[in-house]
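Encoded as structure tokens, the structure appears first; notes follow it.
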Amino acid sequence: NAGVTQTPKFHILKIGQSMTLQCTQDMNHNYMYWYRQDPGMGLKLIYYSVGAGITDKGEVPNGYNVSRSTTEDFPLRLELAAPSQTSVYFCASSRGQSGNQPQHFGDGTRLSIL
Amino acid sequence: DAKTTQPPSMDCAEGRAANLPCNHSTISGNEYVYWYRQIHSQGPQYIIHGLKNNETNEMASLIITEDRKSSTLILPHATLRDTAVYYCIVTRLNNAGNMLTFGGGTRLMVKP
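These protein sequence lines map, in sequence, to chains A and B. With the working numbering applied, the first sequence covers 1 to 114. With the working numbering applied, the second sequence covers 1001 to 1112.
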């Protein structure tokens, strides 16, 4: 029962560097999401995808890019890392567009930018 | 968006039922009530959801009032591993699918 898998679990990045956070799901879900969670706060939506080849911005997309070439994978790219992007990043997926479809989350990537 | 109100924290004795309340007085007819929890810094874990009727699964029960303006999540026999932040979310359906907006939640402390 893999579900949603995120890698890496932890990473330290220098200011100005780039990296890609990986997310893959094995539930054949159409919808995938990236959230960030700052200390003591709720989750905020960065980007989402409703299917392969289709992505759209969420609440806080600045400084990030995504792609969705397959149903399974939804990587999140940080191009020029800034200290404000220090956060915990969660990927989630759901079956489709219905109020009756829960999102299922990965265990997160803890990213520190120094 | 329908906003939810939850107590910031609650305590519960181990082995007793934990009843977590949530107010959502502005909920619309087609909006679902979802419950998630987050244990320490892990990813949010889906617990249960419902529209109008009460729901039960292996984790919990969800009681929704007839007017749908409030609900209660019941953990029937709380254990120490149930210590977590519990989020009550009224979902909004849009282009992104089932939108989740996480508020402050209720920090449940299960005590021995």
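All C-beta atoms, glycine included, are put in the ideal place defined by N, C-alpha and C.
- Beta bridge pairing from DSSP links residue 82/A with no other residue.
- In the three-state DSSP reduction, residue 45/A falls in the strand class (E or B).
- Three or more Cβ pairs drawn from the segment 1048 to 1065 of chain B and the segment 1028 to 1036 of chain B lie within less than 8 Å of each other, which places the two stretches in contact.
- Here the alpha carbon of residue 1078/B sits roughly 26 Å from the alpha carbon of residue 100/A.
- Between the beta-carbon of residue 21/A and that of residue 35/A there is about 11 Å, and that puts the pair past the 8 Å contact cut.
- Across the structure, residue 1091/B and residue 1058/B are spaced so that their CA atoms are roughly 22 Å apart.
- Fewer than three pairs of CB atoms, one per stretch, sit closer than 8 Å, so the segment 55 to 64 of chain A makes no contact with the segment 1001 to 1012 of chain B.
- Put simply, the CB of residue 87/A is far from chain B, with every gap to its CB atoms at 8 Å or more.
- Here DSSP, grouped into helix, strand and coil, assigns residue 1093/B to strand.
- With contacts defined as CB atoms closer than 8 Å, residue 77/A and residue 9/A fail to qualify as a contacting pair.
- About 5 Å separates the beta carbon of residue 1019/B from that of residue 1074/B, a gap short enough to meet the 8 Å contact definition.
- Taken in chain order, the members of the segment 1019 to 1044 of chain B whose beta-carbon sits within less than 9 Å of a beta-carbon on chain A are 1030, 1031, 1032, 1034, 1036, 1038, 1041, 1042, 1043 and 1044.
- Close partners of residue 107/A in chain B (Cβ separation under 8 Å): 1042 and 1043.
- For residue 10/A, there are no neighbours in chain B by C-beta distance under 8 Å, as the nearest C-beta there is about 11 Å away.
- For the segment 1089 to 1101 of chain B, residues whose beta-carbon sits nearer than 9 Å to a beta-carbon of chain A comprise 1091, 1092, 1093, 1094, 1095, 1096, 1097, 1098, 1099, 1100 and 1101.
- Rounded to the nearest whole angstrom, the CA to CA distance from residue 1008/B to residue 31/A is 31 Å.
- At least one CB of chain A lies nearer than 8 Å to the CB of residue 1103/B.
- Taking 8 Å as the cut-off, the beta carbon of residue 90/A is found closer than this to the beta carbon of residue 43/A.
- Judged by DSSP secondary structure, residue 2/A falls outside any beta strand (DSSP E); it is assigned neither H nor E.
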